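As given, the protein sequences belong to chains A and B, one line each in that order. Under my numbering, residues 611 to 879 are what the first sequence spells out, in order. Under my numbering, residues 740 to 990 are what the second sequence spells out, in order.
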Amino acid sequence: MDTFFELFTYDFFQKAVLAAVFASISCGIIGSYIVSRRIVFISGGITHASFGGIGLAFLMGFNPLLGAVLFAVAAALGIQFFTNVAEIREDSSIAIWWSLGMALGIIFVFLTPGYTPNLMSYLFGNILTVTNSELWWMFMLNVLIIGFFTLFFRKILYIAFDEEFARTAGLPVQLFNYLTMTLIALTVVLNIRVVGIILILSLLTIPQASANLFTKDFKKLLILSTVFAFIGTLLGLFISYFLDIPSGASIIFTLVLMFGILRLLKSVF
Amino acid sequence: MKALLKIEGLSFGYDKVPVIEDICFEVFDQDFIGVIGPNGGGKTTLLKAILGLIRADKGTITFGEKMQGRKKAIGYLPQVRYIDKKFPITVLDVVLSGSIMVDRKIIAQKTIREKAEALLGEMGLADIRNKAIGELSGGQMQRVFLCRALISDPKLLILDEPDTFVDNRFEGELYEKLKQLNKDMAIILVSHDVGTITSYVKTIACINRHLHYHNSNKITQEQLESYNCPIQIISHGMVPHTVLNIHDHEH
Numbered sequence: 611m612d613t614f615f616e617l618f619t620y621d622f623f624q625k626a627v628l629a630a631v632f633a634s635i636s637c638g639i640i641g642s643y644i645v646s647r648r649i650v651f652i653s654g655g656i657t658h659a660s661f662g663g664i665g666l667a668f669l670m671g672f673n674p675l676l677g678a679v680l681f682a683v684a685a686a687l688g689i690q691f692f693t694n695v696a697e698i699r700e701d702s703s704i705a706i707w708w709s710l711g712m713a714l715g716i717i718f719v720f721l722t723p724g725y726t727p728n729l730m731s732y733l734f735g736n737i738l739t740v741t742n743s744e745l746w747w748m749f750m751l752n753v754l755i756i757g758f759f760t761l762f763f764r765k766i767l768y769i770a771f772d773e774e775f776a777r778t779a780g781l782p783v784q785l786f787n788y789l790t791m792t793l794i795a796l797t798v799v800l801n802i803r804v805v806g807i808i809l810i811l812s813l814l815t816i817p818q819a820s821a822n823l824f825t826k827d828f829k830k831l832l833i834l835s836t837v838f839a840f841i842g843t844l845l846g847l848f849i850s851y852f853l854d855i856p857s858g859a860s861i862i863f864t865l866v867l868m869f870g871i872l873r874l875l876k877s878v879f
Numbered sequence: 740m741k742a743l744l745k746i747e748g749l750s751f752g753y754d755k756v757p758v759i760e761d762i763c764f765e766v767f768d769q770d771f772i773g774v775i776g777p778n779g780g781g782k783t784t785l786l787k788a789i790l791g792l793i794r795a796d797k798g799t800i801t802f803g804e805k806m807q808g809r810k811k812a813i814g815y816l817p818q819v820r821y822i823d824k825k826f827p828i829t830v831l832d833v834v835l836s837g838s839i840m841v842d843r844k845i846i847a848q849k850t851i852r853e854k855a856e857a858l859l860g861e862m863g864l865a866d867i868r869n870k871a872i873g874e875l876s877g878g879q880m881q882r883v884f885l886c887r888a889l890i891s892d893p894k895l896l897i898l899d900e901p902d903t904f905v906d907n908r909f910e911g912e913l914y915e916k917l918k919q920l921n922k923d924m925a926i927i928l929v930s931h932d933v934g935t936i937t938s939y940v941k942t943i944a945c946i947n948r949h950l951h952y953h954n955s956n957k958i959t960q961e962q963l964e965s966y967n968c969p970i971q972i973i974s975h976g977m978v979p980h981t982v983l984n985i986h987d988h989e990h
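What follows is the structure, given as structure tokens:
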């Protein structure tokens, strides 16, 4: 038990806990939106496309997260553009951006001279190595998301529920779609350090699936998903520490386990 | 302009294939128009043009003085089949969503809320207002969407196939309710169930790329054919022509 409390005195662990809080809030809210709107696949496309930016950053020697943001936003807007303007079927345009980003990433990394030791932490995440500046970015993203969802909650909800009706009511549907897409892209990228590109979809869907067991109200879903995401991330962090296994994978495993238990409890009671 | 809306020479097509062509049509106060026609005949396209969801290739839609602030003046009930039934939203929130263009003004959220609850009460849905939309039956869901269409006090109510997924008992209730509402607003109703709507609507518009306006609710198979509107008149329990033969006027 002593080692348990001792953990919290370590600087790296305090940062990890803070990162868990920030990741839970942004992923809890954005993930609820994604799941409700059934755009999980789009989010997967954005996430994987961001790998291209990370590769480019390695090659050119700038901050990988900046590269990831550029590629993620480009993919988010690109998918919408391909679908709406170029009239490519949505799932196809998602797949195009998804694979293009990954392909570019691999080419860039291959061209980068020397060994790229950090690559694994971008692919699978490592919450224990989060830096101060990354925490600041995550904090600002949280402020942005909470502000946006508080100010425009009803509009976001109505557009998400019935886009056509929202358009007949004169809501700026397209503008909101681009804004939320941008927020999804930012959320994905800034949380890459927590669970990684390949695993980030889990934080956007599993806590929401758990929360959805108990509520069918959008607002409550946002809150409950955040709570479940936080519990899962923190528990996963402890498990990864004590069993000495990778944190990203451990967090996801915990989230799935939590969902399984809650689902079981729900059918029993 | 006396009419609520006036459509002149309206044409629209997807990829150069015309869906509706040269449509001329006026809607007045107290109108109750049943729009019928075969699948792909352009029924929904016409509605979308009126709702401003698509831009016509040719022609104009003009709105009368009573339709000022037209977003608010049109109440719209879409086909429920396109609604995501698993979306996490409560019945009350669905109804409130119909007021989004209203509540930008000074009207307090509380007033809108009370109105939504009153509407739900009228439709006998008061006790399920906090349920998720997916937990409702087809008929209940239809009534919820009717509440959503009505909360902005529209002058024109547009319903796209409100009778699909609705049981027979509720169908009658729905049409009785519409008859009542018709005292305060014009109604355009799209349906494929010609037999049922003819007994409630005042006039009929047949649309199969072109629109034929039939200034009565009595219509015969021969007339439908002459309108180039290939649909079967289905009536409940009786031979169509006997039902429709109650002719109190000359064609």
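Where is the CB? At the ideal position from N, CA and C, for every residue including glycine. Just so you know, these numbers come straight off a predicted model, no measurement behind them.
By the rule that beta-carbons nearer than 7 Å mark a contact, A/G724 does not touch chain B. Per DSSP, the unbroken beta strand (DSSP E) holding B/C945 starts and ends at 942-947.
For B/K782, no Cβ of chain A is located within less than 7 Å of the residue's own Cβ. Along the stretch 757-781 of chain A, the positions whose C-beta sits under 8 Å from a C-beta of chain B are R764, K765, L767, Y768, A770, F771, D772, E774, F775, A776, R777, T778, A779, G780, L781, read in chain order.
The beta carbon of A/K826 sits closer than 7 Å to some beta carbon of chain B.
With the rule of 3 Cβ pairs closer than 8 Å, the stretch 946-958 of chain B counts as touching the stretch 772-792 of chain B. Contact between B/A742 and B/E765 holds: their C-beta atoms lie close to 4 Å from each other, under 8 Å.
In chain B, no part has a C-beta under 8 Å from the C-beta of A/L714; the shortest such distance is about 34 Å.
Between B/Y821 and A/R648, the alpha-carbon positions lie close to 14 Å from each other. Rounded to whole angstroms, the separation of the alpha carbons of A/F681 and A/F718 is 13 Å. Interface criterion not met: the Cβ of B/T850 is under 7 Å from no Cβ in chain A. If you ignore the 5 residues before and after B/T784, its C-beta comes within less than 8 Å of the C-beta of F751, V758, I759, I793, all in its own chain and listed in chain order. Beta-bridge analysis with DSSP links B/A925 to B/L895.
Below the 7 Å Cβ cutoff, chain B contributes P827 as neighbours of A/N822, in chain order. Comparing alpha-carbon positions, the option among B/G911, B/V819, B/M740, B/T801 lying closest to A/E774 turns out to be B/V819.
In terms of Cβ geometry, A/L754 and A/C637 do not form a close pair [threshold 7 Å]. Proximity of the stretch 719-735 of chain A to the stretch 851-865 of chain A meets the contact definition, three or more beta-carbon pairs being nearer than 8 Å.
The beta carbons of A/G688 and A/W708 sit no closer together than 7 Å. The CB of A/L831 comes closer than 7 Å to the CB of P827 in chain B, given here in chain order. Residue pairing from DSSP places B/V774 in a beta bridge opposite B/V929, B/A944. In this structure, A/L710 sits away from A/L628, with a CB-CB distance that is not shorter than 7 Å.
A direct Cα-Cα distance of roughly 25 Å separates A/M868 from A/I652. About 15 Å separates the CB atoms of B/M924 and B/P901; that is not less than 8 Å, and the two are not in contact.
Between the C-alpha atoms of B/G808 and B/I789 there is a straight-line separation of about 14 Å.
By DSSP's assignment, A/E773 forms no beta bridge with any residue. Under the three-state reduction of DSSP output, B/Y821 falls in the helix class.
In the structure shown, the three-state DSSP call for A/K829 is helix. Contact of B/L792 with chain A is assigned, a C-beta pair being separated by under 7 Å.
Contact between A/L823 and A/L872 holds, since their C-beta atoms are separated by about 6 Å, short of 8 Å.
Under the Cβ criterion of 7 Å, A/S835 is not counted among the residues facing chain B. Only exposed fits B/G863, as fewer than 16 other CB atoms lie within 10 angstroms of its CB. Collapsing the DSSP output to three states places A/L781 in coil. Under the three-state reduction of DSSP, A/S660 is assigned to helix.
Taking the C-beta atoms as reference points, A/F672 is found no nearer than 7 Å to A/T726. When DSSP assignments are scanned along the stretch 746-814 of chain B, the uninterrupted stretches of alpha helix (DSSP H) that are 4 or more residues long and fall wholly within it turn out to be 782-790, 809-812. For B/L875, the secondary structure class from DSSP, reduced to helix, strand or coil, is coil.
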